[in-house]
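> Taking UniProt numbering, I'd label the letters of the sequence shown as residues 1 to 424.
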Amino acid sequence: MVLENNTSVSESCDISLKLADSPITIEWILDGLTASDQKFQLLNRKSKVSNVTSVDISGGKGFISKVYKIAIMFENDTEPYEVVLKVPGVESFNDAFKPDQKKTNSTTQLQQVAKLHKRECSFYNEIAPKLSIPLVKVFKTQEWTLGKDPGAILMESVVGRGDSCPLSTGANLQQIFEVVKHLCVFQKSIICLAPNEWQGKYDFDMFSSFSKNDLFGQFFQKLKILKPGVFDKGCQELDKFRKNHKFDRYLMCDIYKELGLPAVLSHGDFWNNNVLWKLNLDGSLSNEIVSIIDWQIVHQGCMTNDLARFMAVCVDGEIRREFENDVLQYYYDTLTAMLLEEDKSVDFTLDKVTIAYRANFIHQAIIAMIVGPFLFNYDSLSGDQRRIKKAQMEKVLLRAQLAMEDALEYYKDLPNEVLPHQYE
Numbered sequence: 001m002v003l004e005n006n007t008s009v010s011e012s013c014d015i016s017l018k019l020a021d022s023p024i025t026i027e028w029i030l031d032g033l034t035a036s037d038q039k040f041q042l043l044n045r046k047s048k049v050s051n052v053t054s055v056d057i058s059g060g061k062g063f064i065s066k067v068y069k070i071a072i073m074f075e076n077d078t079e080p081y082e083v084v085l086k087v088p089g090v091e092s093f094n095d096a097f098k099p100d101q102k103k104t105n106s107t108t109q110l111q112q113v114a115k116l117h118k119r120e121c122s123f124y125n126e127i128a129p130k131l132s133i134p135l136v137k138v139f140k141t142q143e144w145t146l147g148k149d150p151g152a153i154l155m156e157s158v159v160g161r162g163d164s165c166p167l168s169t170g171a172n173l174q175q176i177f178e179v180v181k182h183l184c185v186f187q188k189s190i191i192c193l194a195p196n197e198w199q200g201k202y203d204f205d206m207f208s209s210f211s212k213n214d215l216f217g218q219f220f221q222k223l224k225i226l227k228p229g230v231f232d233k234g235c236q237e238l239d240k241f242r243k244n245h246k247f248d249r250y251l252m253c254d255i256y257k258e259l260g261l262p263a264v265l266s267h268g269d270f271w272n273n274n275v276l277w278k279l280n281l282d283g284s285l286s287n288e289i290v291s292i293i294d295w296q297i298v299h300q301g302c303m304t305n306d307l308a309r310f311m312a313v314c315v316d317g318e319i320r321r322e323f324e325n326d327v328l329q330y331y332y333d334t335l336t337a338m339l340l341e342e343d344k345s346v347d348f349t350l351d352k353v354t355i356a357y358r359a360n361f362i363h364q365a366i367i368a369m370i371v372g373p374f375l376f377n378y379d380s381l382s383g384d385q386r387r388i389k390k391a392q393m394e395k396v397l398l399r400a401q402l403a404m405e406d407a408l409e410y411y412k413d414l415p416n417e418v419l420p421h422q423y424e
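(1) Taking the CB atoms as reference points, tell me whether Pro88 and Trp144 lie closer together than 7 Å.
(2) Quick one, which of Gly268, Phe74 and Ile370 has its alpha-carbon nearest Gly217's?
(3) For Ile362 and Tyr331, which I take to be in contact (beta-carbon distance under 8 Å), what is that distance rounded to the nearest angstrom?
(4) Look at the alpha carbon of Leu335 and the alpha carbon of Phe220, and state the distance between them as a whole number of angstroms.
(5) Report the option in Leu19, Met338 and Trp295 whose CA atom is closest to the CA atom of Thr53.
(6) Say whether chain D places a C-beta atom closer than 7 Å to the C-beta of Ile176.
(7) Give the DSSP bridge partners of Pro88, in chain order.
(8) Helix, strand or coil: how does DSSP classify Asn287 here?
(9) Return helix, strand or coil for Ala152, following the three-state DSSP convention.
(10) Asn51 bridges to which residues according to DSSP?
(11) Where Asn76 and Asp14 are concerned, what is the direct C-alpha to C-alpha distance, given to the nearest angstrom?
(12) Is it right to say Pro166 is buried, meaning 16 or more other beta carbons lie within 10 angstroms of its own, or is it exposed?
(13) Determine the direct distance from the alpha carbon of Lys201 to that of Leu265, and round the result to whole angstroms.
(14) Starting from Leu279 and walking both ways along the beta strand (DSSP E), at which residues does that stretch end?
(15) Roughly how far, in whole angstroms, is the beta-carbon of Phe231 from the beta-carbon of Met404, given that I think they are within contact range, below 8 Å?
(16) Could you give the DSSP three-state label for Asp248: helix, strand or coil?
(17) If you count every other CB in all the chains shown that lies within 10 Å of the CB of Glu409, and 16 or more means buried, which is it?
(18) Among Ser168, Ser12 and His182, which has the Cα closest to the Cα of Met393?
(19) Report back the beta-carbon spacing between Asn287 and Gln175 to the nearest angstrom; my notes put them in contact at under 8 Å.
(20) Pull up the distance between the alpha-carbon of residue 431 and that of Ile319, whole angstroms please.
(21) Between the C-alpha atoms of Gly234 and Phe348, what's the straight-line distance to the nearest angstrom?
(22) Distance, Cα to Cα, Gln38 vs Arg399?
(23) Taking the straight line between their C-alpha atoms, what separation do you get for Lys181 and His267?
(24) Gly162 bridges to which residues according to DSSP?
(25) State the DSSP-derived secondary structure class of Phe270, mapped to helix, strand or coil.
(26) Going by alpha carbons, who is nearest to Cys155 out of Ser36, Arg321, Cys314 and Ala391?
(27) Pull up the distance between the alpha-carbon of Phe374 and that of Thr107, whole angstroms please.
(28) Run through DSSP, which three-state label would Gly170 get?
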């Protein structure tokens, strides 16, 4: 049979079926591919769609969404054509909490997740086409209207071509500079856009819910139990502003205004899970980024915020400390050279960039401290599995400890007028 959108489908394929446990139908998928995916169009001209299957590939990596690999079979082909479907929700996020811990399930919180999904749809539809950084192709988006339309993003699959680096495996030096290069290209592109194309459209306010709800306070407590005496001082000092949204906003975002740095868009969640590296023939990770994903908290803010997140959370402490100044110098030199090539003025210094980076780093060190207790739970494991998971946790905790120590030093450099008590 031929659908209204000209998709050719076998009579045996029920397009009304929903994919796995998602609310999205096969028909919705085929509509999107027929309209926007040239490769699918070519395959479908030659052969009818005979079957569509899906499998959840989130694997705990998506905390406010589920990700499905969609396999589309054609009558005359033996190999499936694969795409990826991302559906917003809170199931994966709640799975990280124990039964007696705070969950995210109220209507207000679901509306916040829907707002984040809307932001990601907007980014892919309006900003991504103007960028030249590694991004997945997006074929169709649908905003989430609670009680009416489920949210969804249909995109190309990089499964088998790229993968994220495990958190316990710190980024190597080549990967760090690869990240910096693409951050510079991204920021140069944003700065060169007309202001009305992006400024004022991606505000920082979505972070306020995280501060108000204090979803991660329990992991500070777990940190002190895991490493008695190691994190106590850091937790005590950094806890002063962990729930202070105004001060957190200053650290992550508004400091660029004070320093006279250009406004840019910040990814906002630039860490291991959201950077996919090209796979070598043997399946190992290369030093080439194939895609940067998960743009739901992209926001207008400080140019060094994403770099600070990556350095605090994804880079082992000894590597970061040894090469941090070199990385900042490379970032500054690369970005300013790109801007000058576009005839854009450069009226900010490396010193200002470093000040911004260190302020951003204070917040990102908190994320580094939280991420281990949040992601690693080996209580139910035994034998080799427990030993391996514990060793991985130890690496992440050492990285967090060194990030915390540096954040406490950077905190001392902040002017008194911006300290947390000024925002109470």
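Every residue, glycine too, gets a C-beta built ideally from N, C-alpha and C.
In short:
(1) For the purposes of this step, residue 88 is taken as the residue at position 88 of the sequence shown. For the purposes of this step, residue 144 is taken as the residue at position 144 of the sequence shown. A contact, by the Cβ cut-off of 7 Å.
(2) Stepping through the sequence shown from its first residue, residue 217 is reached at position 217. Here the closest residue by C-alpha is Ile370.
(3) Sequence index remark: in the sequence shown, residue 362 carries index 362 (1-based). Sequence index remark: in the sequence shown, residue 331 carries index 331 (1-based). Not quite, the Cβ-Cβ distance comes to about 18 Å (not below 8 Å), so this is no contact.
(4) Numbered from its first residue, the sequence shown carries residue 335 at position 335. Numbered from its first residue, the sequence shown carries residue 220 at position 220. When rounded, the distance between both Cα atoms is 36 Å.
(5) Here residue 53 is taken as the residue at index 53 of the sequence shown, counted from 1. Among Leu19, Met338 and Trp295, the Cα nearest to that of Thr53 belongs to Leu19.
(6) No chain D appears in the structure shown, which is made up of a single protein chain.
(7) Translated into positions along the sequence shown, residue 88 becomes position 88. Answer by DSSP bridge pairing, in chain order: Ser65.
(8) Position 287 of the sequence shown holds residue 287. Reduced to three states, the DSSP call for Asn287 is strand.
(9) Residue mapping note: residue 152 aligns to position 152 of the sequence shown, counting from 1. DSSP places Ala152 in strand when its eight states are reduced to three.
(10) The residue labelled residue 51 in the question sits at position 51 within the sequence shown. Note: Asn51 sits in a beta bridge opposite Met73.
(11) As a first step, residue 76 must be located in the sequence shown, where it is residue number 76. As a first step, residue 14 must be located in the sequence shown, where it is residue number 14. Taking the straight line from one Cα to the other gives about 18 Å.
(12) For this step, residue 166 is matched to residue 166 along the sequence shown. It is exposed - the Cβ of Pro166 has fewer than 16 other Cβ atoms within 10 Å.
(13) Within the sequence shown, numbered from 1, the residue matching residue 265 stands at position 265. Within the sequence shown, numbered from 1, the residue matching residue 201 stands at position 201. Going from the Cα of Leu265 to the Cα of Lys201 covers about 10 Å.
(14) Within the sequence shown, residue 279 is the residue found at index 279, counting from 1. Looking at the DSSP string, the run of the beta strand (DSSP E) that includes Leu279 is Val275 to Leu279.
(15) Start at 1 with the first residue of the sequence shown, and residue 231 comes out as number 231. Start at 1 with the first residue of the sequence shown, and residue 404 comes out as number 404. About 7 Å; that satisfies the 8 Å criterion.
(16) Reading the sequence shown from its first residue, position 248 is the one you call residue 248. Three-state DSSP puts Asp248 in a helix.
(17) Here residue 409 is taken as the residue at index 409 of the sequence shown, counted from 1. Exposed, because fewer than 16 other Cβ atoms sit within 10 Å of the Cβ of Glu409.
(18) Here residue 393 refers to the residue found at position 393 when the sequence shown is read from its first residue. Met393 has its Cα closest to that of Ser168, out of Ser168, Ser12 and His182.
(19) Translated into positions along the sequence shown, residue 287 becomes position 287. Translated into positions along the sequence shown, residue 175 becomes position 175. Indeed, because the Cβ distance is near 5 Å, the residues count as touching under 8 Å.
(20) With the chain covering only 1 through 424, there is no way to say anything about residue 431.
(21) Working through the sequence shown from its first residue, we reach residue 234 at position 234. Working through the sequence shown from its first residue, we reach residue 348 at position 348. One C-alpha to the other measures close to 32 Å.
(22) Within the sequence shown, numbered from 1, the residue matching residue 38 stands at position 38. Within the sequence shown, numbered from 1, the residue matching residue 399 stands at position 399. Approximately 44 Å, taken between the alpha carbons.
(23) Translated into positions along the sequence shown, residue 181 becomes position 181. Translated into positions along the sequence shown, residue 267 becomes position 267. In a straight line, the C-alpha of Lys181 is about 15 Å away from that of His267.
(24) Here residue 162 corresponds to residue number 162 of the sequence shown, with the count starting at 1. Answer is Lys278, bridged to Gly162.
(25) Numbered from its first residue, the sequence shown carries residue 270 at position 270. In the structure shown, Phe270 sits in coil (DSSP, three-state: anything other than H, G, I, E or B).
(26) Here residue 155 refers to the residue found at position 155 of the sequence shown. Note on identity: in this sequence residue 155 is Met, with Cys being the wrong assignment. Of Ser36, Arg321, Cys314 and Ala391, the residue nearest in Cα terms is Ser36.
(27) Translated into the one-based positions of the sequence shown, residue 374 becomes position 374. Translated into the one-based positions of the sequence shown, residue 107 becomes position 107. Each residue's Cα considered, the two are about 24 Å apart.
(28) For the purposes of this step, residue 170 is taken as residue 170 along the sequence shown, with counting starting at 1. Gly170: coil per DSSP, three-state reduction.
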